[in-house]
Amino acid sequence: PIFPQLVKPYRDMKVDSRNIVKPGYVFPLKQAKGSAKLKVTCVVANQKVIQPPKNVRLAKNPLTGTVPAKPEDLSDNANSVATLFELGAFRFIDCGDLTWNVEAKLVTPFNVIGTVDVYQVNHHGLDSSNNPVMINSLAPTVSVMNNGHTKGCGAGSFAALKGAKSIQAMWQVHKNLRKKDPENNTIEDYIANLTDRDGCKGHYLKLSVAADGKTYSMSNPRNGQKVTYQTKKR
3 PIFPQLVKPY RDMKVDSRNI VKPGYVFPLK QAKGSAKLKV TCVVANQKVI
53 QPPKNVRLAK NPLTGTVPAK PEDLSDNANS VATLFELGAF RFIDCGDLTW
103 NVEAKLVTPF NVIGTVDVYQ VNHHGLDSSN NPVMINSLAP TVSVMNNGHT
153 KGCGAGSFAA LKGAKSIQAM WQVHKNLRKK DPENNTIEDY IANLTDRDGC
203 KGHYLKLSVA ADGKTYSMSN PRNGQKVTYQ TKKR
């Protein structure tokens, strides 16, 4: 109910022009010299998903229909904007708070996105999101979850990530401190914050991509942990 009040100053702001992003919209960006091409594409908005090019025929995704749908999500989360970031061959997807049924719609019956290297775990790792059909279709090498010490890291989401054969490492912003399911955590080296809110130092996780897009690194400044990964060959 408070959202219209919060968004009003933004909408009333004087600007030269406004663009409403739609699936397929490519953000106009200046390219850096000596770097691989950077491309940022909107792939989902308002529950509409990017469509395959008219001259391209895609095979049906074999995972179509393998996981049941959930009741229609009437919250604004289902309207989340999802964005695909590409630097050379490197690919990172961030779908915000996108929920279960729209996640499936993104990759079925046709997986227009293909595979990614890094997956920003949807919706803090809540179980209303992170459909295994989407995760397995995108086949990320690394997942990054922006959860809280009691929010997110849901059992279903964690199982979907852990069950994805492509994922080599799962990183979390906070350790799940719920007493009922402490098993839903990645290894502590890959967690930025291990304490509750009172003791939290606000550590972060950092993703760095090489200028040529061929490798990328995840680092945890809390403990100096850094791991470098090879970008998928495409």
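Residues 3 to 236 (the numbering used here) make up the sequence shown, in order.
Cβ coordinates follow ideal geometry from the N, Cα and C atoms, glycine included.
- Counting only runs that start and end inside the region 47-124, the beta strand (DSSP E) elements of at least 3 residues fall at 84-89, 92-96, 120-122.
- With contacts defined as CB atoms closer than 7 Å, S219 and T233 fail to qualify as a contacting pair.
- In the DSSP assignment, V9 falls outside any beta strand (DSSP E) and lies within the alpha helix (DSSP H) extending over 5-14.
- Bridge partners of Q232 according to DSSP: T217.
- For the set D78, K72, K35, L86, the Cα lying nearest the Cα of Y27 is the one of L86.
- Its chain contains V28, E88 as the residues whose beta carbon lies nearer than 7 Å to that of K41, once the 5 sequence neighbours on both sides are disregarded; these appear in chain order.
- If you draw a straight line from the Cα of L76 to the Cα of N48, it is about 12 Å long.
- Looking only at V45, N113, E74, K39, the smallest Cα-Cα distance to L60 is reached by N113.
- The beta carbons of S159 and D129 sit closer together than 7 Å.
- Taking a C-beta distance under 7 Å as the contact criterion, C44 and P25 qualify as a contact pair.
- The Cβ neighbour count for M147, taken over all protein chains shown within 10 Å, is at least 16; the residue is labelled buried.
- Ranked by Cα distance from V46, the first of G67, A171, D96 is D96.
- By DSSP's assignment, S145 forms a beta bridge with Y121, M172.
- Secondary structure of S210 (DSSP, three-state): strand.
- The beta carbon of R224 sits closer than 6 Å to those of A194, H205, all from its chain and outside the five residues before and after it, given in chain order.
- Residue environment analysis places E105 among the buried positions, since at least 16 neighbouring C-beta atoms fall within 10 angstroms of its C-beta.
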